[in-house]
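Presented below is the structure to which this report refers.
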Amino acid sequence: MNYFPDEVIEHIFDFIASHKDRNSISLVSKSWHKIERCSRKRVFIGNCYAINPERLIERFPSLRSLTLKGKPHFADFNLVPHEWGGFVHPWIVALAKARVGLEELRLKRMVVSDESLELLSRSFSSFKSLVLVSCEGFTTDGLASVAANCRHLRELDLQENEIDDHRGQWLNCFPESSTALTSLNFSCLKGETNLAALERLVARSPNLESLKVNRAVPLDALTRLMSCAPQLVDLGVGSYENEPDQESFMKLMAAIKKCTELRSLSGFSEVAPLCLTAFYPICQNLTSLNLSYAAEIQGNHLIRFIQFCKRLQRLWILDSIGDKGLEVVASTCKELQELRVFPSDLHDEEDNDTAVTEIGLVAISAGCPKLHSILYFCKQMTNAALITVAKNCPNFIRFRLCILEPNKPDHTTSQSLDEGFGAIVQACKGLRRLSVSGLLTDKVFLYIGMYAEQLEMLSIAFAGDTDKGMLYVLNGCKKMRKLEIRDSPFGNAALLADVDKYRTMRSLWMSSCEVTLGGCKRLARNAPWLNVEIINENENNDVMERNEEDEREKVDRLYLYRTVVGARKDAPPCVTIL
Amino acid sequence: MENSNSYSPYSSSSVDSTKPSPSESSVNLSLSLTFPSTSSQRETSQDWPPIKPRLRDTLKSLRLRLRQRGYNTALFVKVYMEGVPIGRKLDLSTFSGYKSLLENLSHMFDTSVICGTRDRKHHVLTYQDKDGDWMMVGDIPWDMFLETVRRLKITRPERC
Numbered sequence: 000m001n002y003f004p005d006e007v008i009e010h011i012f013d014f015i016a017s018h019k020d021r022n023s024i025s026l027v028s029k030s031w032h033k034i035e036r037c038s039r040k041r042v043f044i045g046n047c048y049a050i051n052p053e054r055l056i057e058r059f060p061s062l063r064s065l066t067l068k069g070k071p072h073f074a075d076f077n078l079v080p081h082e083w084g085g086f087v088h089p090w091i092v093a094l095a096k097a098r099v100g101l102e103e104l105r106l107k108r109m110v111v112s113d114e115s116l117e118l119l120s121r122s123f124s125s126f127k128s129l130v131l132v133s134c135e136g137f138t139t140d141g142l143a144s145v146a147a148n149c150r151h152l153r154e155l156d157l158q159e160n161e162i163d164d165h166r167g168q169w170l171n172c173f174p175e176s177s178t179a180l181t182s183l184n185f186s187c188l189k190g191e192t193n194l195a196a197l198e199r200l201v202a203r204s205p206n207l208e209s210l211k212v213n214r215a216v217p218l219d220a221l222t223r224l225m226s227c228a229p230q231l232v233d234l235g236v237g238s239y240e241n242e243p244d245q246e247s248f249m250k251l252m253a254a255i256k257k258c259t260e261l262r263s264l265s266g267f268s269e270v271a272p273l274c275l276t277a278f279y280p281i282c283q284n285l286t287s288l289n290l291s292y293a294a295e296i297q298g299n300h301l302i303r304f305i306q307f308c309k310r311l312q313r314l315w316i317l318d319s320i321g322d323k324g325l326e327v328v329a330s331t332c333k334e335l336q337e338l339r340v341f342p343s344d345l346h347d348e349e350d351n352d353t354a355v356t357e358i359g360l361v362a363i364s365a366g367c368p369k370l371h372s373i374l375y376f377c378k379q380m381t382n383a384a385l386i387t388v389a390k391n392c393p394n395f396i397r398f399r400l401c402i403l404e405p406n407k408p409d410h411t412t413s414q415s416l417d418e419g420f421g422a423i424v425q426a427c428k429g430l431r432r433l434s435v436s437g438l439l440t441d442k443v444f445l446y447i448g449m450y451a452e453q454l455e456m457l458s459i460a461f462a463g464d465t466d467k468g469m470l471y472v473l474n475g476c477k478k479m480r481k482l483e484i485r486d487s488p489f490g491n492a493a494l495l496a497d498v499d500k501y502r503t504m505r506s507l508w509m510s511s512c513e514v515t516l517g518g519c520k521r522l523a524r525n526a527p528w529l530n531v532e533i534i535n536e537n538e539n540n541d542v543m544e545r546n547e548e549d550e551r552e553k554v555d556r557l558y559l560y561r562t563v564v565g566a567r568k569d570a571p572p573c574v575t576i577l
Numbered sequence: 000m001e002n003s004n005s006y007s008p009y010s011s012s013s014v015d016s017t018k019p020s021p022s023e024s025s026v027n028l029s030l031s032l033t034f035p036s037t038s039s040q041r042e043t044s045q046d047w048p049p050i051k052p053r054l055r056d057t058l059k060s061l062r063l064r065l066r067q068r069g070y071n072t073a074l075f076v077k078v079y080m081e082g083v084p085i086g087r088k089l090d091l092s093t094f095s096g097y098k099s100l101l102e103n104l105s106h107m108f109d110t111s112v113i114c115g116t117r118d119r120k121h122h123v124l125t126y127q128d129k130d131g132d133w134m135m136v137g138d139i140p141w142d143m144f145l146e147t148v149r150r151l152k153i154t155r156p157e158r159c
């Protein structure tokens, strides 16, 4: 029974923002469920096939902001066919039909068409914010309709999308009356940009805080842009291969000096060392720096730059910075919270001594007390280093280590890295995300199952010996939501041991493992509330006939997820839903 | 970075992983690495290490630019003979053109390998390009080929 009128309760609920909390509230009572769902403005859907748009709208009629995720994570690494699915169109159609007052749409790994964008732009008069991450299927024509028709657009953020660039006329489509932009990111566009249109747009957007341009914006244009937007907080620059002449350099530096609010810097697909020095004046203000596309710049230039960045909280960099560079980071960036070190040499042809090793990782862990998230690509690792890192940094929330060579052992002892990762999960009680690599036996999974109580996402590649490994994880990690496994010897016994476990998880991915078609079929029979998808890109797609022989055939890629709406109808021929 | 034609050099002793053993030697033979029967059927481009397409393309362009400027960067691609699960790795940057590539392949696989049209007697060389499509080797200029090639496959006679 409620002691307050509904409006008061609703007002109280307004203060509760987190999805988890709101979901909890809705379970308290029927009355609270109703008040909560009618007042809910923001909804997050981690798997677009777990529910359908009609049911979503029915439950949350006041929806304003929707986040949708489509393809599984391993799609980022070419393991999922392009035509797999994750189409946003039916969602936009349904939302438009129901006249939902949509203001914000955030999509990740979804297929978006120009038609979808056109419909979006015409259907929601209060639409303010479009964020597309790792999406594909659209062209700059779609962007043009968004620019032209969304009168109240504040944010257009395109991150790492595959966009067919029909050359930059879309920027012209923002009407002269459009002055509300706060964020514009088109760094992933590959073609030419209409610089004049861009400059006019930036000049008439006094609230613009975040601007990320693509590689086709040259230095002089960047200088002009920064000059008319000194209020920028977040800047993504283009590609500057050539050293600028003296005059251009001075102008650039002068413009940069005026950007006293600048806190975040990215872009730099190529950057001549001198160009980088033009940014020295604002280094001390930077809290976020992404130099992970600056593949040509050498470690010493990076080090010189970072020495000025004392307030850095987030750093994304290439391994060319080297252990020495990471030692500089460790002694300079005491506020560092998140570090990502990406590989710059995929082929390991030279005896490249300059890339990072376990030494750099240990240095960072020792020097940066606030570090909680790390993604680290390297060529070698040792248990001793990982044990030290665990001792130095018990606060890790995300720990992702990728040793480039699969199955590589501790290079000083030739042993597996079970003990090292074991130390990490034991010390880091709040660990939510983990990626393991290197030579690993079932033991590491025993440790993970025993200690990683808060673990929600686990990525496994080329690891483990038997089904026991996977079972340790499934039985031990109570909070597991996403499990993705590739090239590991886990099979049907592990897959089928506890079918109800998958009720508590969002999804499971297994590729190049030991599960067979028979095992997957059995799973699908025992769990009708799961979609069990087999992805098979064979030259002869008629291999998927149901006969005795096939039951023992190993499944190339398996993706299963819980759903309340049954098998999806939009799967391509290479996907079979059991 | 990836050893496609080597087994894990560690002895495969069967290990009871529930009993801790400090001096236990490593075990994983990981045959899935060396037998690409699933991955060669897959019409996708490279999937290891796990980096996103934008970084992958950035690094590939860098290597090509360095090569053009005369730096010695290798360009290793996998080469499979159809029907043989274990492949080889070849550094394409060591060849001056299609002729030297074919000569070398014919020598490596001990058979005659040619470019171009179907031939009932010879093995024909094909390649997978950056879009994931399988194409005949030899149609485009050598430099363009280097930019787009991802892997090579020598088909059995009369198959293409």
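Protein chains in written order, with numbering that gives the first Met the number 0: chain V, 0 to 577; chain B, 0 to 159. Each residue gets a CB set at the ideal place from its N, CA and C atoms; glycine is no exception. Here the structure is a predicted model, which is why all the values come from computation and not from measurement.
Alpha carbon of ASN578(V) to alpha carbon of HIS371(V), nearest angstrom
Here chain V covers residues 0 to 577 and nothing more, so residue 578(V) does not appear.
Does the segment 292-304 of chain V touch the segment 254-263 of chain V, meaning 3 or more C-beta pairs lie closer than 8 Å?
no
Measure the Cβ-Cβ separation of LEU91(B) and VAL148(B) and say whether it is below 8 Å.
yes
Name, please, each residue of chain B whose Cβ falls closer than 9 Å to the Cβ of SER287(V).
Going along chain B, no residue has its Cβ under 9 Å from SER287(V), so there is no contact; the nearest lies around 18 Å.
Going by other Cβ atoms of all chains shown within 10 Å of its Cβ, with 16 needed for buried, is ARG68(B) buried or exposed?
exposed
Between the beta-carbon of ALA271(V) and the beta-carbon of ILE255(V), is there less than 8 Å?
no
Does DSSP classify SER39(B) as helix, strand or coil?
With a pLDDT of 33 at SER39(B), under the threshold of 50, the predicted position of this residue should be treated as unreliable, though the coordinate-derived value follows. If DSSP states are grouped into helix, strand and coil, SER39(B) belongs with the helices.
Beta-carbon gap between VAL56(B) and PHE76(V) smaller than 8 Å
A quick correction: the sequence has Asp, not Val, at residue 56(B). No, the Cβ-Cβ distance between ASP56(B) and PHE76(V) is not below 8 Å.
Short of 6 Å in beta carbon distance, which residues of its chain neighbour SER364(V), apart from the five on each side in sequence? Order them along the chain.
VAL388, ASN391 and CYS392
Through-space distance from MET509(V) to MET134(B), alpha-carbon basis
30 Å
From VAL434(V) to THR381(V), what does the alpha carbon distance come to, in whole angstroms?
The question names Val, yet the displayed sequence has Ser at residue 434(V). Those two C-alpha atoms are separated by around 16 Å.
What does the alpha-carbon distance come out to for the pair LEU221(V) and ARG203(V)?
16 Å
Does the distance from the CB of GLY321(V) to the CB of ALA354(V) come in under 8 Å?
yes
Per the DSSP calculation, HIS10(V) is bridged to which residue(s)?
DSSP output for HIS10(V) lists no bridge partner at all.
Secondary structure at ILE534(V), three-state DSSP: helix, strand or coil?
strand
What are the complete beta strand (DSSP E) segments, minimum 3 residues, inside the segment 0-54 of chain V?
41-44
How far does the beta strand (DSSP E) with LEU61(B) in it reach, from first residue to last?
First-last for LEU61(B): 52-67, but that is the alpha helix (DSSP H), not the beta strand (DSSP E).
Interface residues of the segment 43-60 of chain B facing chain V [CB-CB below 9 Å]:
THR43, SER44, GLN45, ASP46, TRP47, PRO48, PRO49, ILE50, LYS51, PRO52, ARG53, LEU54, ARG55, THR57, LEU58, LYS59 and SER60
Name the DSSP bridge partner or partners of GLU132(V)?
This sequence places Val at residue 132(V); Glu is not what is there. Bridge partners of VAL132(V): LYS107(V) and GLN158(V).
Strictly below 7 Å CB to CB, what residues from chain B border ASP75(V)?
LYS51
So, under 8 Å CB-CB, LEU439(V) and SER415(V) are touching, yes? Tell me the CB distance rounded to an integer number of Å.
6 Å
Sequence ranges, alpha helix (DSSP H) only - wholly within the segment 397-478 of chain V, length at least 4:
417-426, 441-450 and 466-475
Contact criterion: CB-CB distance below 8 Å. Does LEU200(V) meet it with respect to chain B?
no
Using the beta-carbon of each residue, which ones in chain B are nearer than 7 Å to GLU295(V)?
LEU61
C-alpha distance - LEU210(V) paired with SER182(V), whole-angstrom precision:
6 Å
Buried/exposed call for VAL99(V), threshold 16 Cβ in 10 Å
buried
Residue of ALA147(V), ALA179(V), ILE162(V) and LEU529(V) minimising C-alpha distance to VAL110(V):
ILE162(V)
Which parts of the segment 473-519 of chain V are runs of the alpha helix (DSSP H), unbroken and 4 residues or longer, counting only runs that do not cross its ends?
491-495
Under 8 Å by Cβ, that's how I've got SER287(V) and ARG313(V) pegged, so tell me the actual separation to the nearest angstrom.
4 Å
Excluding the 5 residues preceding and the 5 following ASP13(V) in the sequence, name in chain order all residues of the same chain whose CB lies nearer than 6 Å to its CB.
none
For a test of the three-state rule: what should DSSP assign to SER287(V), helix, strand or coil?
strand
So, is ARG54(V) buried or exposed, given that buried needs 16 or more other C-beta atoms within 10 angstroms?
exposed
Chain B contacts from the segment 260-271 of chain V (Cβ-Cβ distance under 8 Å)
SER268
With a CB to CB cut of under 8 Å and the five nearest residues on each side skipped, what residues in its chain are close to ASP441(V)?
GLY463, ASP464, THR465, LYS467, GLY468 and TYR471
Less than 8 Å between C-beta atoms, sequence neighbours within five positions excluded: which residues of the same chain meet that for PRO280(V)?
MET252, ILE255 and LYS256
Within 8 Å, strictly: CB atoms of CYS573(V) and PRO80(V)
yes
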